[in-house]
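Note that the sequence shown covers residues 1 to 150 in the UniProt record's numbering. The C-beta atom is built at its ideal place from N, Cα and C for all residues, glycine as well. Let me begin by presenting the structure, written as structure tokens, before commenting on it.
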Amino acid sequence: MPDKNTHDSEDGGKDVATDGGMTDVEREQQIDYMDVEINLLKPATPFMRDHLRIIWIGFTIWVLTTFAPITATRLAPEIMTTQIPVIGFPLHYLLLAVVGPGAALVLSVWYARKRDQIDEKYGISQDVAEPEMTETVADDAAAADGGIGE
1 MPDKNTHDSE
11 DGGKDVATDG
21 GMTDVEREQQ
31 IDYMDVEINL
41 LKPATPFMRD
51 HLRIIWIGFT
61 IWVLTTFAPI
71 TATRLAPEIM
81 TTQIPVIGFP
91 LHYLLLAVVG
101 PGAALVLSVW
111 YARKRDQIDE
121 KYGISQDVAE
131 PEMTETVADD
141 AAAADGGIGE
């Protein structure tokens, strides 16, 4: 089956078709997402590939910061259960109680910043539309206090 990105040249060789000189951003703007199959293992668009790479990096860091202290405590209990002199807590407690949640917080901020960078790269705007301010109160509206004048 011939490759869809190549075509036969006049001399019998294969020429590689170009992408028309478009950047990833220009190519992304032409994609109709209603016709694109979503596959997490094989992203169809440059935006999806960039976003999936960030998700996998963050997931890997999360797994390491969450499960590495537990695994290390199981494999080397004498090291992980010794008390740290300055704070007086065992190492496994410090890693699970402080480093784990702290890493989740840092990952949340990191993901938000990286996602904003990707959105900016591909021209995606997250702006919220301001509601129009129109005057809806009629001139002869009733007083809300029962009409009692001061």
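Asked, Found
"Endpoints, alpha helix (DSSP H) assigned at ILE118", "100–121"
"Burial state of PHE47 (16 or more Cβ within 10 Å)", "buried"
"Selected residue, minimal CA-CA separation from TYR111, among ARG49, ILE57 and MET133", "ILE57"
"Counted within 10 angstroms of its Cβ, other Cβ atoms place PRO101 as buried (16 or more) or exposed", "exposed"
"PRO77, DSSP secondary structure in three states", "helix"
"Pairwise C-alpha distance: ALA72 and ASP119", "38 Å"
"Segment contact flag, the stretch 117–133 with the stretch 62–79, C-beta cutoff 8 Å, min 3 pairs", "no"
"Same chain, Cβ closer than 6 Å to VAL36, five either side skipped, listed in chain order", "ALA44"
"Among ARG113, VAL128, LYS121 and ALA129, nearest to ILE55 - alpha-carbon criterion", "ARG113"
"Cβ neighbour criterion (16 or more within 10 Å) applied to MET22", "exposed"
"Within the stretch 23–59, ranges of the alpha helix (DSSP H) (whole runs, at least 4 residues)", "24–29"
"Distance between beta carbons of LEU94 and THR82, contact taken as under 8 Å", "At roughly 11 Å, the Cβ-Cβ gap does not stay under 8 Å, so THR82 and LEU94 are not in contact."
"Pairwise C-alpha distance: ALA103 and ASP127", "29 Å"
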